[in-house]
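Chains C and X are the protein sequences, given in the same order.
No gaps in the numbering here: position 214 of the first sequence is 215 in the working numbering, and each next residue is one more.
No gaps in the numbering here: position 101 of the second sequence is 160 in the working numbering, and each next residue is one more.
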Amino acid sequence: MNDPKIDQMIVEMSLYQCLECGKCTASCPRRLSGKEYSPRLLAHKVISERQDEAYIENSVWECLTCGLCRERCPSGVDFNRFIMEMRALLAKTKGLKGYRAHDGAIHSWMRMMTAPHLKQNRLDWLDPGIKVASSGDVAFFTGCAPYFNVFFAGIDVDTLSIARDSVRLLNFLDIKPVLLPNERCCGHDLLWSGDIENFEALCRLNYTSFKDAGVKEIIVSCPECFQVLSEHMPRIIPGFDIRVTLLLDLLQREMQPGSTAFRPLKRKVTFQDPCRLGRMLNRYAGPRELLGLIPEMEFQEMEHSGRGALCCGNCGFINCDASSKQIQVQRLQEARATGADLLVTACPKCMIHLTCTIRDPLMHGKKIQMEIRDLVSVLADQIE
Amino acid sequence: MEPLRILGICCNWSPFACYNAAGMTGMSMPANFHLIRVMCIGRINQALILRAFEFGADGVILLECTDEDCRYGPGPEVGHENVHRVRRILHLLGIRQERLVERTFGAHEKEKLVQTLWNFTKEMEKLGPLMAKNGRKREAVKS
Numbered sequence: 002m003n004d005p006k007i008d009q010m011i012v013e014m015s016l017y018q019c020l021e022c023g024k025c026t027a028s029c030p031r032r033l034s035g036k037e038y039s040p041r042l043l044a045h046k047v048i049s050e051r052q053d054e055a056y057i058e059n060s061v062w063e064c065l066t067c068g069l070c071r072e073r074c075p076s077g078v079d080f081n082r083f084i085m086e087m088r089a090l091l092a093k094t095k096g097l098k099g100y101r102a103h104d105g106a107i108h109s110w111m112r113m114m115t116a117p118h119l120k121q122n123r124l125d126w127l128d129p130g131i132k133v134a135s136s137g138d139v140a141f142f143t144g145c146a147p148y149f150n151v152f153f154a155g156i157d158v159d160t161l162s163i164a165r166d167s168v169r170l171l172n173f174l175d176i177k178p179v180l181l182p183n184e185r186c187c188g189h190d191l192l193w194s195g196d197i198e199n200f201e202a203l204c205r206l207n208y209t210s211f212k213d214a215g216v217k218e219i220i221v222s223c224p225e226c227f228q229v230l231s232e233h234m235p236r237i238i239p240g241f242d243i244r245v246t247l248l249l250d251l252l253q254r255e256m257q258p259g260s261t262a263f264r265p266l267k268r269k270v271t272f273q274d275p276c277r278l279g280r281m282l283n284r285y286a287g288p289r290e291l292l293g294l295i296p297e298m299e300f301q302e303m304e305h306s307g308r309g310a311l312c313c314g315n316c317g318f319i320n321c322d323a324s325s326k327q328i329q330v331q332r333l334q335e336a337r338a339t340g341a342d343l344l345v346t347a348c349p350k351c352m353i354h355l356t357c358t359i360r361d362p363l364m365h366g367k368k369i370q371m372e373i374r375d376l377v378s379v380l381a382d383q384i385e
Numbered sequence: 060m061e062p063l064r065i066l067g068i069c070c071n072w073s074p075f076a077c078y079n080a081a082g083m084t085g086m087s088m089p090a091n092f093h094l095i096r097v098m099c100i101g102r103i104n105q106a107l108i109l110r111a112f113e114f115g116a117d118g119v120i121l122l123e124c125t126d127e128d129c130r131y132g133p134g135p136e137v138g139h140e141n142v143h144r145v146r147r148i149l150h151l152l153g154i155r156q157e158r159l160v161e162r163t164f165g166a167h168e169k170e171k172l173v174q175t176l177w178n179f180t181k182e183m184e185k186l187g188p189l190m191a192k193n194g195r196k197r198e199a200v201k202s
């Protein structure tokens, strides 16, 4: 804990600017669901009571990294980055902590993907209905969708539909993307759980596979992958020269009102802002404008939406517990309270976590049943 | 060449009785076979099997009681389900499904168990070392 890096972090992430107003703790979903966790106290302890190692260490692993505290902070304390770098530091000196959900199976396969000689079968799901190219300038990043689809088969969440519908939308825009047979996980979950060594290995392997395929632009639909590819990969790989495009941005650019005809959808929908897409990448209007293109669709915001949106309860598959469940139940109840019958989200993780709670037999009778679909799937089904 | 690493996850009851009896009578076993003894194969989940591969196993064999023989109830069925699901993940990773197998034993079948281990080891030697290994040190867990 006497690492000079911590002093450097305090300065860089503006922790000294903390006014101790407590807005962070008062808005923290983890705290509001009854956990003994306080971002304000963590900042205080890191600055002036660093001998309380146990408290600091526990708190650092407790955070959901949803970014609501940073959003509310009047002094601009960059709490997310602080947690990310503290985890990396503590993982190095004290070992990886934080309870891995699903006993770490997900982190396990992500680490296995750092093997240089891997020959994956990740494209078995391709069907003749979608057109892909064997070589070209533009690639689509599938991410972990094929893996999640198998692993979460038990709760019946179809993450592959996101990849399939993304490619369908690209085909609609006359883009035939290359799908890389040996792309790796983007490493988001390893980065946020402190495993920097393997995270960087994945970044380098991905960069090599992009280069080998001669790709100049990567289109990404998952906000987590996009954040890693566009913000962290250039930091790790000097001379990173691949354009990374978020599918939502591309759709928003190409599908202007009047330019694309959508079939009407007579449903009332609401939108879950994923933390990575909203608070970290600042895309609030995009998804709403795209949903607004569909005729006859009624849109209703949830009580907490946009900048104040509530987290889906878990990040990086660590520390999923009763408190996560409670956040998810609250989120689903908010969604139901809008009177909508379809919850649209834009991140596969939100879809997995919220579906998990819906399918939980212990949640029976909680009135949280709802259909959840990804934005790209909703759009792809309504194009003429 | 480094010898292959074969991991057996063994139920404490029938299969371990066989393993024990085979050891007592001095039957020879593959030298690169490592055994982990668990109370029931139902204790094992997908993550633990995946982790065996992550930590460098070239082949994993689950030694189970027969379905009707389980001391606790659904143990072997949990085993079948896990093997089925982990194999699908291994397939995505490009790891051949022969590298993960499950075999069931009655308490008296020591010859069958030893033969199975030899066969499995030979099978793995035919496949060669697992290419999906990163060769770096594994996740450090410090207390």
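All residues carry an ideal CB built from backbone N, CA and C; glycine is no exception.
Answer yes or no: do Leu-91 of chain C and Leu-127 of chain C have a C-beta to C-beta separation smaller than 9 angstroms? no
Based on the DSSP output, what are the partners of Lys-269 of chain C in its beta bridges? C:Glu-299
Taking buried to mean at least 16 other C-beta atoms within 10 Å of its own C-beta, is Thr-346 of chain C buried or exposed? buried
Proximity of Ala-336 of chain C and Leu-344 of chain C at Cβ, strictly below 9 angstroms: yes
Starting from the C-beta of Pro-133 of chain X, find all residues in its chain whose C-beta is less than 7 angstroms away, skip the five residues before and the five after it, and write them out in chain order. Gly-101
Could one say the Cβ of Glu-113 of chain X lies closer than 9 angstroms to chain C's Cβ atoms, at least one of them? Using a Cβ-Cβ cut-off of 9 angstroms, Glu-113 of chain X counts as an interface residue toward chain C, since at least one Cβ of chain C sits closer than that to its own.
Which residues, in order along the region 126-154 of chain X, keep a beta-carbon less than 8 angstroms from a beta-carbon of chain C? Taking a C-beta cut-off of 8 angstroms against chain C, the contacting residues of the region 126-154 of chain X are Arg-144, Arg-147, Ile-148, His-150, Leu-151, Leu-152 and Gly-153, listed in chain order.
To the nearest angstrom, how far is the alpha carbon of Leu-248 of chain C from that of Gly-340 of chain C? The alpha-carbon atoms of Leu-248 of chain C and Gly-340 of chain C are separated by roughly 29 angstroms.
Contacting positions in the region 108-138 of chain C - beta carbon closer than 9 angstroms to chain X: His-108, Ser-109, Trp-110, Arg-112, Met-113, Met-114, Thr-115, Ala-116, Pro-117, His-118, Leu-119, Lys-120, Gln-121, Asn-122, Arg-123 and Asp-125
Just reading off the beta strand (DSSP E) that His-93 of chain X is part of, what are its end residues? 92-97
Taking a contact to mean a Cβ-Cβ separation below 9 angstroms, would you say Gln-329 of chain C touches Glu-290 of chain C in this structure? Contact annotation: Gln-329 of chain C and Glu-290 of chain C have beta-carbon atoms that are not nearer than 9 angstroms.
So, are the CB atoms of Met-85 of chain C and Leu-192 of chain C less than 9 angstroms apart? yes
So the candidates are C:Thr-209, C:Pro-265, C:Ile-48 and C:Val-377; which of them puts its Cα closest to the Cα of Gln-239 of chain C? Reading the sequence as shown, one finds Pro at residue 239 of chain C and not Gln. Distance check between Pro-239 of chain C and each of C:Thr-209, C:Pro-265, C:Ile-48 and C:Val-377 places C:Thr-209 closest, using alpha-carbon atoms only.
When the cut-off is 9 angstroms and only beta carbons count, does Arg-110 of chain X lie next to chain C? yes
Members of the region 82-108 of chain X that neighbour chain C once the beta carbon cut-off is set at 9 angstroms: Residues Asn-104, Gln-105, Ala-106, Leu-107 and Ile-108.
When the cut-off is 9 angstroms and only beta carbons count, does Met-190 of chain X lie next to chain C? Taking 9 angstroms as the CB threshold, Met-190 of chain X lines the interface with chain C.
I'd like to know whether the C-beta of Asn-199 of chain C is nearer than 9 angstroms to at least one C-beta of chain X. Chain X contact via Cβ: present.
Among C:Ala-102, C:Leu-170 and C:Leu-43, whose alpha-carbon lies nearest the alpha-carbon of Leu-377 of chain C? The amino acid occupying residue 377 of chain C in the given sequence is Val; Leu does not appear at that position. Among C:Ala-102, C:Leu-170 and C:Leu-43, the Cα nearest to that of Val-377 of chain C belongs to C:Leu-170.
Cα-Cα separation between Phe-300 of chain C and Tyr-100 of chain C, rounded to whole angstroms: 37 angstroms
Is any beta-carbon of chain C found at less than 9 angstroms from that of Asn-193 of chain X? Taking Cβ atoms only, chain C reaches closer than 9 angstroms to Asn-193 of chain X, which makes this a yes.
Decide if Arg-158 of chain X is buried, meaning its Cβ has at least 16 other Cβ atoms within 10 Å, or exposed. buried
Roughly how many whole angstroms lie between the Cα atoms of Ile-68 of chain X and Pro-5 of chain C? 45 angstroms
Nearest-angstrom Cβ-Cβ length linking Ile-220 of chain C and Pro-178 of chain C, presumed shorter than 8 angstroms: 6 angstroms
Exposure of His-108 of chain C, with buried meaning 16 or more beta-carbon neighbours within 10 Å: buried
In angstroms, rounded to a whole number, what distance separates the CA positions of Ser-202 of chain X and Ala-323 of chain C? Confidence in Ser-202 of chain X is poor, its pLDDT being 42 and thus under 50, which makes the residue's placement too unreliable to answer from.
Where Phe-142 of chain C sits in the DSSP three-state scheme: strand
Between Val-200 of chain X and the rest of its own chain, which residues show a CB-CB distance below 8 angstroms, the 5 nearest in sequence each way excluded? A caution first: Val-200 of chain X carries a pLDDT of 49, below 50, which makes its placement in the model unreliable, though a value can still be read off. For Val-200 of chain X, where only same-chain residues beyond five positions count, there are no Cβ hits under 8 angstroms.
May I ask you to list the residues that DSSP assigns as paired with Gly-67 of chain X? X:Leu-94 and X:Ile-120
Would you verify that the beta carbon of Ala-106 of chain C is, or is not, closer than 9 angstroms to some beta carbon of chain X? Yes - at least one Cβ of chain X is within 9 angstroms of the one on Ala-106 of chain C.
What are the residues of the region 142-165 of chain C that lie near chain X, defined by any Cβ-Cβ distance shorter than 9 angstroms? Pro-147, Tyr-148, Val-151, Phe-152, Ala-154 and Gly-155
Work out the CA separation of Asp-242 of chain C and Gly-138 of chain X for me, nearest whole Å. 47 angstroms
For Ala-214 of chain C and Cys-186 of chain C, I'd like the C-alpha separation in whole angstroms. Rounded to whole angstroms, Ala-214 of chain C and Cys-186 of chain C show a C-alpha spacing of 17 angstroms.
To the nearest angstrom, how far is the alpha carbon of Leu-251 of chain C from that of Leu-97 of chain C? 38 angstroms
Compare the Cα-Cα distances from Ala-381 of chain C to each of C:Arg-268, C:Gly-309, C:Ala-262 and C:Ala-134 and report the closest residue. C:Ala-262
The region 87-101 of chain X touching the region 177-185 of chain X, judged by at least three CB pairs closer than 8 angstroms: yes
When C:Cys-321, C:Pro-40 and C:Asp-53 are compared against Phe-80 of chain C, the one with the closest alpha-carbon: C:Pro-40
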